[in-house]
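Residue numbers (the working numbering): 56 to 190.
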């Protein structure tokens, strides 16, 4: 695949995300398999489609690593940003706050915030297992 997400030897076939193996100087072994890569590739490809309609120059894709966050347990997470790395309860709170901010509508933010707050206060897990004994 080339730097415009176009599959080589094909005219109008493109790939994004995990199936899009693209070598760049910063990432000679391909990009990390993260949602942010796929989202940014999609935005770049959409912009290039618009540019092509007006016969303007296309922009090559280049991933900029803004860092990673992941929850690793109840009230535990890791945050790995270019300027700071930390883990534990504070990382979990930062992860939760960022995800809440990225939710689109105010109504959804409120619903999710109240669901999370309820789960936190009641120590209730949304995971439910129904196990039956063998007869």
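Each residue gets a CB set at the ideal place from its N, CA and C atoms; glycine is no exception.
Source: prediction; values computed, not measured.
Could you tell me which residues DSSP puts in a beta bridge with residue i?
i           : result
residue 195 : In the structure as shown, the chain begins at 56 and stops at 190. Residue 195 is therefore absent and cannot be evaluated.
residue 141 : 134
residue 190 : Residue 190 is not bridged to any residue.
residue 61  : 69
residue 128 : 131
Would you call the CB atoms of residue i and residue j closer than 9 angstroms?
i           : j           : result
residue 126 : residue 147 : yes
residue 69  : residue 118 : no
residue 171 : residue 151 : yes
residue 96  : residue 72  : yes
Assess contact between the region 59-73 and the region 97-106, defined as three or more Cβ pairs (one per stretch) separated by less than 8 angstroms. Is contact present? yes
Three CB pairs or more closer than 8 angstroms across the region 104-114 and the region 130-137: no
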